[in-house]
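Undergrad: Sharing a structure below in C-alpha cells format, with a few things to ask.
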Amino acid sequence: MKLGTEQEVEEGYGVFPKRFKGRIQGRGLVVKTWGSTIDDAESPNTLGVYVTTNVGQCLPMEVEYYKWYQSLYTIENVSARMLNLNGVDCDDQYKQVQDTNKLTEYLDLLESLSFSISLSLSLSLSTLSTPAMSKGQPHILVFPFPAQGHLLPLLDLTHQLSLRNLTITILVTPKNLSSLNQLLSLHPNNIQTLILPFPPHPNLPPGVENARDVGNHGHIPIINALSNLQEHIIQWFHSHPNPPIAIVSDFFLGWTLRLAHRINIPRINFFSSGAFSCSLLQYCWNNLNDVRGLPVVCFEDFPNSPSFKEQHLPTIFRRYVMGGNDPELQMVKDGMIANIESWGGIFNSFDELDGQYFDYLRTTIGLRRVYGVGPLSLIGVSESSKRVDPNIDSGSGSEILGWLDGCSDGSVLYVCFGSQKVLSRKQMEALASGLEQSKTKFVWVVKTGTDQEVENGYGVVPDGFEEKVAGRGLVVKKWAPQVQILNHRAVSGFLSHCGWNSTLEGIVAGVLILAWPMEAEQFVNVRLLVEDLGMAVKVCEGGDGVPDSAELGKVIAETMSLDAPQRLKVKEVRDKAFAAVNEGGSSCTGLDQLVRELHQLKNYNKQ
Numbered sequence: 016m017k018l019g020t021e022q023e024v025e026e027g028y029g030v031f032p033k034r035f036k037g038r039i040q041g042r043g044l045v046v047k048t049w050g051s052t053i054d055d056a057e058s059p060n061t062l063g064v065y066v067t068t069n070v071g072q073c074l075p076m077e078v079e080y081y082k083w084y085q086s087l088y089t090i091e092n093v094s095a096r097m098l099n100l101n102g103v104d105c106d107d108q109y110k111q112v113q114d115t116n117k118l119t120e121y122l123d124l125l126e127s128l129s130f131s132i133s134l135s136l137s138l139s140l141s142t143l144s145t146p147a148m149s150k151g152q153p154h155i156l157v158f159p160f161p162a163q164g165h166l167l168p169l170l171d172l173t174h175q176l177s178l179r180n181l182t183i184t185i186l187v188t189p190k191n192l193s194s195l196n197q198l199l200s201l202h203p204n205n206i207q208t209l210i211l212p213f214p215p216h217p218n219l220p221p222g223v224e225n226a227r228d229v230g231n232h233g234h235i236p237i238i239n240a241l242s243n244l245q246e247h248i249i250q251w252f253h254s255h256p257n258p259p260i261a262i263v264s265d266f267f268l269g270w271t272l273r274l275a276h277r278i279n280i281p282r283i284n285f286f287s288s289g290a291f292s293c294s295l296l297q298y299c300w301n302n303l304n305d306v307r308g309l310p311v312v313c314f315e316d317f318p319n320s321p322s323f324k325e326q327h328l329p330t331i332f333r334r335y336v337m338g339g340n341d342p343e344l345q346m347v348k349d350g351m352i353a354n355i356e357s358w359g360g361i362f363n364s365f366d367e368l369d370g371q372y373f374d375y376l377r378t379t380i381g382l383r384r385v386y387g388v389g390p391l392s393l394i395g396v397s398e399s400s401k402r403v404d405p406n407i408d409s410g411s412g413s414e415i416l417g418w419l420d421g422c423s424d425g426s427v428l429y430v431c432f433g434s435q436k437v438l439s440r441k442q443m444e445a446l447a448s449g450l451e452q453s454k455t456k457f458v459w460v461v462k463t464g465t466d467q468e469v470e471n472g473y474g475v476v477p478d479g480f481e482e483k484v485a486g487r488g489l490v491v492k493k494w495a496p497q498v499q500i501l502n503h504r505a506v507s508g509f510l511s512h513c514g515w516n517s518t519l520e521g522i523v524a525g526v527l528i529l530a531w532p533m534e535a536e537q538f539v540n541v542r543l544l545v546e547d548l549g550m551a552v553k554v555c556e557g558g559d560g561v562p563d564s565a566e567l568g569k570v571i572a573e574t575m576s577l578d579a580p581q582r583l584k585v586k587e588v589r590d591k592a593f594a595a596v597n598e599g600g601s602s603c604t605g606l607d608q609l610v611r612e613l614h615q616l617k618n619y620n621k622q
C-alpha cells in the first residue's frame, strides 16, 4: 500500500480504517512497503490482481486483473477487455465513498463471475501461449484425477510418452499446477498445460481442488465438478491449431468418453489401480442387481474364485448402492460403465502380477485393448527417464534418511497409510502400543488431521510415546520421501493401507508388506498379496478397525525376522517387476505397443 504525505495522512489519505487488520487477520496481508507486482502475480496462490494503472506487465500471467481508475467504483476486468472478452464495468463515481454497500455489491459480483472470467481468460491465454509443436508428432490430451494416488502414476506415464516422440497437453486446475513443475522442467518443448478453473461445487469447501484436502469422501463431488469443464474443453479443442488426436484420462473421469465422441477422437482409460480391482469393480457395475444386498459376494468366474464381504467391495461402488437415486452417483456409475466402452485401458501393473486379470478384462469384461505398462516408477534407467515425483524435495527427507543410515540392514519397519487417511485416537493408541511392544526399529509417518480432527484425537500421537521409543523409533509428522525410505538398506518391512501405488512401491523395494486395508480397493489388493501371491501378512482391516496391540506387536516382531517365509515370494515378485520393464519384458513391450498405436491414431476416424 502506498502511504501518503504527513498532510495527506492528516486528511485521512492512505490510512486504514480502525481495526481493519484485526478483522482480516489470517486472510489478508497489508504491506506498507514496495512489493513486486510481477512476483506476487506469478505466485500459484494468486488468482486475481486489483490494480490502478498499467497492467501490461502482468497480462501474460494466468490471473484475473481488475483496474481502478482513481475511482472507488470503476472496476474493470482489463485483461478480459484487451482479449475481447466480457469485462465488468461499473459506474464512475470518483471519490464518493458514502455507500460502502455498493463497493461490496460490486466485489460480490466479481466473485460470482470469478469462474466464468477465469475460464475465459484461461482459454484465451492458453491459445495465445501455445508453443510451436514438433511437426509430425501426435498430440495427446492427458487429464488426471486430482488425488495423489491417481496423479502420480499418470504423471509417470506422461513422462514416458513425452520421451517417445509424443506431444502432450496436460489438463489441470490452478491449485494442481505445481504438481507439474518437475515434469514441465524435464520437457519444456513437448509438454504444455491447459489450466482451467476448478468449477465450484456445493459439497466442496471453497478453494478445494484436490482430494488430499477432503479425503476419499470428496471423490464424487470432485468427479461431478470436473464434468462441468466438458464444454470448455471442446471450445479449447476447436480453437487449437493442432488439436489432440486422443485423450488419456483417469478412470474416475468416465464422462470424458462422451466428450471424446463429441470431438471425434478416441478416449483411453488410465487405471491407477490394478487389473484385479478393475475387473471386480466392472463386474459389480455390470451385475448390480445380483450383487446388491448380498452380505458376501462370490466372484466364481474370476481366477481363484475370490469372495468379499459387502463392506470390503470398492468404496465408490458401495456409495452408489447406498445412495439411492442421487444423480451425482448415477453420473459416476455411467462413467464407470463407459470405461469399458472406451478405446482401450492402460494399467500401472505387469503381466506377472496381474496377467490373469488382463486376460479377464479382454475376454470376459470386453475391454478391447489392454496395456500393462508398470511399475511405471521403474521404466527407464537413465537420469532423463527416471520417474517424476511432484513432491520431491532434496531437503525434506534428509533427517529421516540420516537416521536410517545409523540402523543396521533390514532392521527397520516403515509405517505409513497414504496421503489421506487420518487414524482415530483408538487406532493411534493401539498402533503406538503395538510398535512399542514389538521392540522393532521403525519410522512412522503420521498424517495429521484438521484442527477439528486433532481436537477429537485424530492423528494425535499418544503423550510420552516418542520419549519411550527414542533411539528405536522415529515419528514423522510431515511429508516423507516414501520411495527413498522403502529402498533404504535398513528397511525390510512396510506397514501399509495397501493403496495400489504403495503396493507397487513396496514390491519394487522388495520389502515385506504388513497389510491394513481400510477403504477404496485396498481389500482387493490385499487379497492378491496375501492369499493369491503369499507375499504379505494382514494385521488389521477396516477404516474404523482397531488392532489388538499385543497381537500386532507379536506379528511385527515375527515378520521382521529376515527368515520370514513370505520374503522368498517378495524377492521373486520384485525380480519379475524389474524383468517386466527391461527390454523385451511384458511392460516394456506393452508401452511400445501403446506408443506405436498412438502414432497410428493420426488417421483415426470414429466408426
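Residue numbering for the sequence shown follows the working numbering, beginning at 16 and increasing consecutively. The beta-carbon is built from N, C-alpha and C at its ideal position, and this holds for glycine as well.
Should Phe266 and Gly381 be called a contact, given that it needs their Cβ atoms to be closer than 9 Å?
TA: no
Undergrad: Pop quiz: Met575 and Gly558 are said to be a contact at Cβ under 8 Å. What is the actual Cβ separation, rounded to whole angstroms?
TA: Contact flag wrong, Cβ pair sits at about 25 Å.
Undergrad: Going by other Cβ atoms of all chains shown within 10 Å of its Cβ, with 16 needed for buried, is Val263 buried or exposed?
TA: buried
Undergrad: Measuring only the C-alpha atoms, how far is Phe252 from Ile355?
TA: Straight through space, the alpha carbons of Ile355 and Phe252 are spaced by roughly 24 Å.
Undergrad: Taking C-alpha atoms, which residue in Pro203, Gly308 and Pro189 lies nearest to Val223?
TA: Pro189
Undergrad: Output yes or no for whether 9 Å exceeds the beta carbon distance between Ala505 and Gly417.
TA: no
Undergrad: Write down every uninterrupted run of the beta strand (DSSP E) in the stretch 324–397 whose length is 3 residues or greater and which is fully enclosed by it, in chain order.
TA: 359–362 and 385–387
Undergrad: Scan the stretch 267–303 and note each continuous alpha helix (DSSP H) run of 4 residues or more that stays entirely inside, going in chain order.
TA: 271–277 and 290–301
Undergrad: Using the C-alpha atoms, what's the distance from Tyr335 back to Ser423?
TA: 48 Å
Undergrad: Assuming Pro477 contacts Met443 (C-beta within less than 8 Å), just tell me the rounded distance between them.
TA: Their Cβ separation, rounded to whole angstroms, is 6 Å, which keeps Pro477 and Met443 in contact under 8 Å.
Undergrad: Relative to the ligand NAD, is the shortest distance from any of its heavy atoms to the C-beta of Asn363 smaller than 8 Å?
TA: Of the ligands one can find in the structure shown there are none, so the ligand NAD has no counterpart to examine.
Undergrad: In terms of alpha-carbon separation, which member of Asp547, Glu536 and Phe509 lies closest to Leu328?
TA: Glu536
Undergrad: Per DSSP, what kind of secondary structure is Val30 in: helix, strand or coil?
TA: Collapsing the DSSP output to three states places Val30 in coil.
Undergrad: Could you give the C-beta distance for Asn284 and Leu519, rounded to a whole number, given that I count them as a contact under 8 Å?
TA: Not confirmed; about 18 Å, so no contact.
Undergrad: Taking the alpha-carbon positions, what's the Leu510 to Cys555 distance?
TA: 10 Å
Undergrad: Output the distance between the C-alpha atoms of Val493 and Val430, rounded to the nearest integer angstrom.
TA: Residue identity differs from the one stated: residue 493 is Lys in this sequence, not Val. Near 13 Å, if we compare the C-alpha coordinates of Val430 and Lys493.
Undergrad: Between Arg582, Ala261, Phe332 and Leu201, which has its C-alpha nearest Tyr298's C-alpha?
TA: Phe332
Undergrad: Is the stretch 233–242 close to the stretch 207–220, with three or more CB pairs under 8 Å?
TA: yes
Undergrad: Do Lys591 and Leu368 count as a contact pair if the criterion is CB distance below 9 Å?
TA: Their beta carbons are under 9 Å apart, which means Leu368 touches Lys591 by this criterion.
Undergrad: CA-CA distance, Ile238 and Arg273?
TA: 14 Å
Undergrad: If we call anything under 9 Å between Cβ atoms a contact, is Val388 one with Leu609?
TA: yes
Undergrad: Can you give the Cα-Cα distance for Leu438 and Leu419, rounded to whole angstroms?
TA: 25 Å
Undergrad: Could you say which of Ser602, Leu181, Trp270 and Glu598 lies nearest to Phe160 if we only look at CA atoms?
TA: Trp270
Undergrad: Measuring straight from C-alpha to C-alpha, what distance separates His202 and His154?
TA: 14 Å
Undergrad: On the DSSP bridge assignment, give the partners of His154 in chain order.
TA: Note: His154 sits in a beta bridge opposite Thr182.
Undergrad: From Phe291 to Leu548, what distance separates their C-alpha atoms?
TA: 13 Å
Undergrad: Report the rounded CA-to-CA distance for Glu598 versus Arg611, giving the unit in angstroms.
TA: Rounded to the nearest angstrom, the two C-alpha atoms are 16 Å apart.
Undergrad: Can you give the Cα-Cα distance for Phe432 and Thr208, rounded to whole angstroms?
TA: 31 Å
Undergrad: Determine the DSSP secondary structure at Lys462, reduced to helix, strand or coil.
TA: coil
Undergrad: Residue range of the beta strand (DSSP E) that Ile206 falls in?
TA: Ile206 to Ile210
Undergrad: Using the Cα positions of Gln108 and Val30, report the straight-line distance between them to the nearest angstrom.
TA: Any reading at Gln108 must be qualified, since the residue scores a pLDDT of 34, below 50, and its modelled position is unreliable; the value itself is stated next. Going from the Cα of Gln108 to the Cα of Val30 covers about 21 Å.
Undergrad: Express the C-alpha separation of Val312 and Asn304 in angstroms, rounding to a whole number.
TA: 12 Å
Undergrad: Would you say Leu428 and Ser507 are within 9 Å of each other, going by their C-beta atoms?
TA: yes
Undergrad: What residue range is occupied by the uninterrupted alpha helix (DSSP H) comprising Lys441?
TA: Lys441 -> alpha helix (DSSP H) spans Arg440 to Ser453.
Undergrad: To the nearest whole angstrom, what separates the beta carbons of Val523 and Ser434, a pair I think is in contact under 8 Å?
TA: Between Val523 and Ser434 a beta carbon distance of about 18 Å is seen, past the 8 Å cut, so the two are scored as non-contacting.
Undergrad: Measuring straight from C-alpha to C-alpha, what distance separates Thr378 and Pro318?
TA: Using only the alpha carbons, I get a separation of about 13 Å.
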